[in-house]
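A.B. asks: Here you go, one structure.
2 protein chains.
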Amino acid sequence: MQPQSPKYEQIAKEIRKRIREGVYQPKTAMPDQNTLAEEFGVSRMTIKKALDGLTMEGLIYTRRGDGTYVLGDIPLKIDTNSPAEEHMGLTAELGHERVTSQVIKFAIMFPTEELMTHLKLQKNEPVFDIIRLRLVNDEPYVLEHTYMPQKLMPDLNEKILLHSIYSYLKDDLGLKLSGAYRKIHADLSNDLDIRYLNCQPGDPILEVEQVAWLQDGTPFEYSFSRNRYNARSYTVLDISQPTV
Amino acid sequence: MQPQSPKYEQIAKEIRKRIREGVYQPKTAMPDQNTLAEEFGVSRMTIKKALDGLTMEGLIYTRRGDGTYVLGDIPLKIDTNSPAEEHMGLTAELGHERVTSQVIKFAIMFPTEELMTHLKLQKNEPVFDIIRLRLVNDEPYVLEHTYMPQKLMPDLNEKILLHSIYSYLKDDLGLKLSGAYRKIHADLSNDLDIRYLNCQPGDPILEVEQVAWLQDGTPFEYSFSRNRYNARSYTVLDISQPTV
DNA sequence: TATTTTTATATGTATATACTTATATCATGA
DNA sequence: TCATGATATAAGTATATACATATAAAAATA
């Protein structure tokens, strides 16, 4: 019977709903914090904490001395594009399309110098070397080359690769993913791209190079996702917090 | 003599410095909140607010019941790549290199359907139509095609374009920039690219399409930045806040 | 009328305090 | 030895309160 999430989160959820349903309209002011505090039966500090979260999401903005205003029509979804996050990313993004995977390579090796740097490993700590082709409605969509430290996921196998690395890490191993650092380039197609992505020699490729890490800072994935230039774009939402 | 920034921000700044200088080492625990509160002579709530900010920046992470740990070695700079933010972005990024601009087009027009949508304008509200070539040490670097509503910046002129749109908007007009939504694609070079970026027909181009807006949600820029595929990559840091 | 000053209002910051909950450590017992 | 349970610890949540400060609206003044 105890509340699963803190009050400020429940309140944020309710306010998000009101914005979505038009109770609070874009470009108009919301009730002030004291009024909301009274309505929800909490202190103003708790309301403020809820509003702070919504501000960071870009749903509202506040002006000291004035009030709180609804924005509400900014696109909010970020396109994650992480091999390990396919169930949040690709699957969610494509909705009802049929996403399948094909494992092209599943090997284990000692890390190169570069991998040792990116994944913070010693030279005697093996990494998985995985290449997967992801298809949408049987059409080649993205070619993913992924390296992951074996020690973090000793029991990784081909069956998991076909399903979801993400839910394996999160649900089975209890690892908490935290963030990613991505570098996006344009490149020319190479032999693998031509073979698996059905593209021509000389075609441009959109490559996303990524290091992803856990909540404690451990890197768990170094990957390259290669997309046909006309098949996909990469989307980023950057809300810069006001610099003090 | 009054403090220009709030205490929690000053404390965050000091802790950032300590991490940078190695007083608090990566992978080790920091002093607990009560100790820090005592040291800085503030309440624990104030310390917590400072730590919350550092957590969002990805510098530290906290575990309830355990403590606060330093991460500290995650690359933090985001490559903004916004025409209007060149003084935070391009200039800052390239440090001591000499960045110059060349105005290729500076016109005014009524918006197309697409511009009306992206910039939330009526068909009788004119937009500036700007093409700039940016050079680093006299080498072509990026070709920027920018559209901005005239009503937000009636006095924009060619001299400003050569200097900094960003500081004009921020310092002269007092507008507060808030965020941007970007879409990144790979593309094939077109005539303009070939002419100004010194590239060959068939070369891949990294294009960043962007809508940027002010704190109140008003879009003020719709732009395309086109980069030679081997000249530049686009970098993103994505710290996902723990989902509740 | 136009400008300046005052006042009311709403958000921001900061504190002290109490309680909750996740984690690690240490003691206990099978 | 290994699992279980108590205990200490540290961060998280929430409140009440006071004051600071930015903004808008109203009142006073030239």
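Sequences listed follow chains E and C, in order. In terms of the working numbering, the first sequence has 33 at position 28, counting the first letter as 1, and numbering is strictly consecutive. In terms of the working numbering, the second sequence has 103 at position 98, counting the first letter as 1, and numbering is strictly consecutive. From the three backbone atoms N, C-alpha and C, an ideal C-beta is built for every residue, glycine too. Because the structure is a prediction, the values reported are computed rather than measured.
1. Could you have a look at C/G63 and say whether DSSP puts it in helix, strand or coil?
2. Would you mind giving the Cβ-Cβ distance between C/R187 and C/Q215, rounded to the nearest angstrom? I have them listed as a contact below 8 Å.
3. For C/I210 and C/N232, which I take to be in contact (beta-carbon distance under 8 Å), what is that distance rounded to the nearest angstrom?
4. Using a Cβ-Cβ cutoff of 9 Å, what residues of the segment 158-191 of chain E are near chain C? List them in chain order.
5. Would you say E/Y106 and E/L140 are within 9 Å of each other, going by their C-beta atoms?
6. Quick one: grab the DSSP three-state call for E/T85.
7. Beta carbon of E/H123, beta carbon of E/P224: below 9 Å?
8. List the residues of chain C whose Cβ lies closer than 7 Å to the Cβ of E/G207, in chain order.
9. Looking only at C-alpha atoms, which of C/N195, C/I189 and C/Y29 sits nearest to C/Y239?
10. Given a limit of 7 Å on CB to CB distance, which residues of the segment 211-232 of chain E reach chain C?
11. Touch check for the segment 118-134 of chain E and the segment 167-177 of chain E: three-plus C-beta pairs under 8 Å?
12. Between E/L148 and E/L76, which are expected to be in contact by the criterion C-beta below 8 Å, what is the C-beta distance as a whole number of angstroms?
13. Per DSSP, which residues does E/N232 bridge with? Please list them.
14. Does any residue of chain E have a CB that is nearer than 9 Å to the CB of C/Y234?
15. Determine whether the Cβ of E/Y66 lies closer than 9 Å to any Cβ atom of chain C.
16. Could you pull out every residue in the same chain whose Cβ sits closer than 7 Å to the Cβ of E/I20, ignoring the five residues on either side in sequence?
17. Under 9 Å between the Cβ atoms of C/K181 and C/L219?
18. May I have the straight-line CA-CA distance separating E/T53 from C/T40, to the nearest angstrom?
19. How long is the line joining the alpha carbons of C/D243 and C/M153, rounded to whole angstroms?
20. Cα separation between E/E119 and C/D143?
21. Which bits of chain C does E/G63 rub up against, with CB to CB less than 7 Å?
22. Any C-beta of chain E sitting closer than 9 Å to the C-beta of C/P36?
23. Residues of chain E with CB closer than 7 Å to the CB of C/S238, please, in chain order.
24. Are E/G72 and E/M35 closer than 9 Å when you measure CB to CB?
25. Return the first residue and the last residue of the beta strand (DSSP E) that C/Y29 is part of.
26. Quickly, what does DSSP pair C/Q205 with across the bridge? List them, please.
27. So, helix, strand or coil for E/Q15, using DSSP?
28. Only counting the same chain, and skipping five residues up and downstream in sequence, which positions put a Cβ closer than 7 Å to that of E/K156?
29. Determine, using beta carbons only, whether C/K110 comes closer than 9 Å to chain E.
30. Who are the neighbours of C/Y29 on chain E, taking C-beta pairs under 9 Å?
31. What are the boundary residues of the alpha helix (DSSP H) that includes C/K125?
32. If you count every other CB in all the chains shown that lies within 10 Å of the CB of C/Q38, and 16 or more means buried, which is it?
33. Under DSSP, the beta strand (DSSP E) around E/Q9 begins and ends at which residues?
34. Among the residues of its own chain, which have a CB less than 7 Å from the CB of C/L178, if the five just before and after it don't count?
35. With DSSP as the reference, identify every bridge partner of C/A112, one or two as the case may be.
36. Which same chain residues end up closer than 6 Å to E/V47 when comparing Cβ atoms and leaving out the 5 residues on each side of it in sequence?
C.D. replies: For this structure:
1. Taking the first residue of the second sequence as position 1, residue 63 of chain C is located at position 58. Reduced to three states, the DSSP call for C/G63 is coil.
2. As a working note, residue 187 of chain C is residue 182 in the second sequence. As a working note, residue 215 of chain C is residue 210 in the second sequence. Correct: roughly 5 Å between the Cβ atoms.
3. Numbered from 1 along the second sequence, position 205 holds the residue referred to as residue 210 of chain C. Numbered from 1 along the second sequence, position 227 holds the residue referred to as residue 232 of chain C. Contact flag correct, Cβ pair sits at about 7 Å.
4. K181, L182, S183, G184, A185, Y186, R187, K188, I189, H190 and A191
5. As a first step, residue 106 of chain E must be located in the first sequence, where it is residue number 101. As a first step, residue 140 of chain E must be located in the first sequence, where it is residue number 135. This sequence places Ser at residue 106 of chain E; Tyr is not what is there. Their beta carbons are under 9 Å apart, which means E/S106 touches E/L140 by this criterion.
6. As a working note, residue 85 of chain E is residue 80 in the first sequence. Low confidence applies to E/T85: its pLDDT is 48, below 50, so where it sits in the model is not reliable, and the reading given next is rough at best. In this structure, E/T85 counts as coil in the three-state DSSP scheme.
7. Locating residue 123 of chain E in the first sequence gives position 118, where the first residue counts as 1. Locating residue 224 of chain E in the first sequence gives position 219, where the first residue counts as 1. The answer is yes: Cβ separation under 9 Å.
8. The residue you call residue 207 of chain E lines up with position 202 of the first sequence. Within chain C, the residues near E/G207 are G207.
9. The residue you call residue 239 of chain C lines up with position 234 of the second sequence. The candidate whose alpha carbon is nearest that of C/Y239 is C/I189.
10. L211, Q220, D221 and G222
11. no
12. On the first sequence, position 143 is the one that residue 148 of chain E refers to. On the first sequence, position 71 is the one that residue 76 of chain E refers to. Incorrect: roughly 38 Å between the Cβ atoms, too far for contact.
13. The sequence position of residue 232 of chain E within the first sequence is 227, counting from 1. Bridge partners of E/N232: E/V147 and E/L211.
14. Translated into the one-based positions of the second sequence, residue 234 of chain C becomes position 229. Interface residue, yes.
15. Taking the first residue of the first sequence as position 1, residue 66 of chain E is located at position 61. Yes - at least one Cβ of chain C is within 9 Å of the one on E/Y66.
16. The count along the first sequence starts at 1 and reaches residue 20 of chain E at position 15. Hits under 7 Å: A55 and L59.
17. On the second sequence, position 176 is the one that residue 181 of chain C refers to. On the second sequence, position 214 is the one that residue 219 of chain C refers to. In this structure, C/L219 lies closer than 9 Å to C/K181 by Cβ.
18. Your numbering for residue 53 of chain E matches position 48 in the first sequence. Your numbering for residue 40 of chain C matches position 35 in the second sequence. Reading off the sequence, residue 53 of chain E comes out as Lys, not Thr. Roughly 26 Å between the two C-alpha positions.
19. One-based indexing of the second sequence puts residue 243 of chain C at position 238. One-based indexing of the second sequence puts residue 153 of chain C at position 148. Approximately 28 Å between the Cα atoms of the pair.
20. Here residue 119 of chain E corresponds to residue number 114 of the first sequence, with the count starting at 1. Here residue 143 of chain C corresponds to residue number 138 of the second sequence, with the count starting at 1. Answer to the nearest angstrom: the Cα atoms are 32 Å apart.
21. Sequence index remark: in the first sequence, residue 63 of chain E carries index 58 (1-based). Near E/G63 (Cβ distances below 7 Å), the residues of chain C are G184.
22. Taking the second sequence and counting its residues from 1, one reaches residue 36 of chain C at position 31. Closer than 9 Å: no.
23. Within the second sequence, residue 238 of chain C is the residue found at index 233, counting from 1. Residues of chain E passing the Cβ test: K188, I189 and H190.
24. The count along the first sequence starts at 1 and reaches residue 72 of chain E at position 67. The count along the first sequence starts at 1 and reaches residue 35 of chain E at position 30. Yes, they are a contact pair.
25. In the second sequence, the residue the question calls residue 29 of chain C occupies position 24. Taken as a continuous stretch (DSSP letters only), C/Y29 belongs to no beta strand (DSSP E), as it is neither H nor E.
26. For this step, residue 205 of chain C is matched to residue 200 along the second sequence. Note: C/Q205 sits in no beta bridge, so no partner.
27. Mapped onto the first sequence, residue 15 of chain E falls at position 10. Three-state DSSP puts E/Q15 in a helix.
28. Here residue 156 of chain E is taken as the residue at index 151 of the first sequence, counted from 1. Hits under 7 Å: E130.
29. Sequence index remark: in the second sequence, residue 110 of chain C carries index 105 (1-based). Answer no: the Cβ-Cβ gap between C/K110 and chain E never drops below 9 Å.
30. Your numbering for residue 29 of chain C matches position 24 in the second sequence. Correct list: empty, because the minimum Cβ distance to chain E is about 13 Å.
31. Taking the second sequence and counting its residues from 1, the one referred to as residue 125 of chain C is at position 120. That residue, C/K125, is in no alpha helix (DSSP H); it is neither H nor E in DSSP.
32. Position 33 of the second sequence, counted from the first residue, corresponds to residue 38 of chain C. C/Q38 is buried by the Cβ-count criterion.
33. In the first sequence, residue 9 of chain E corresponds to position 4, counting from 1. Taken as a continuous stretch (DSSP letters only), E/Q9 belongs to no beta strand (DSSP E), as it is neither H nor E.
34. Start at 1 with the first residue of the second sequence, and residue 178 of chain C comes out as number 173. Hits under 7 Å: M158.
35. Residue 112 of chain C sits at position 107 when you count from the first residue of the second sequence. Note: C/A112 sits in a beta bridge opposite C/D134.
36. Looking up residue 47 of chain E in the first sequence gives position 42. So the list reads K12, once near-sequence residues are dropped.
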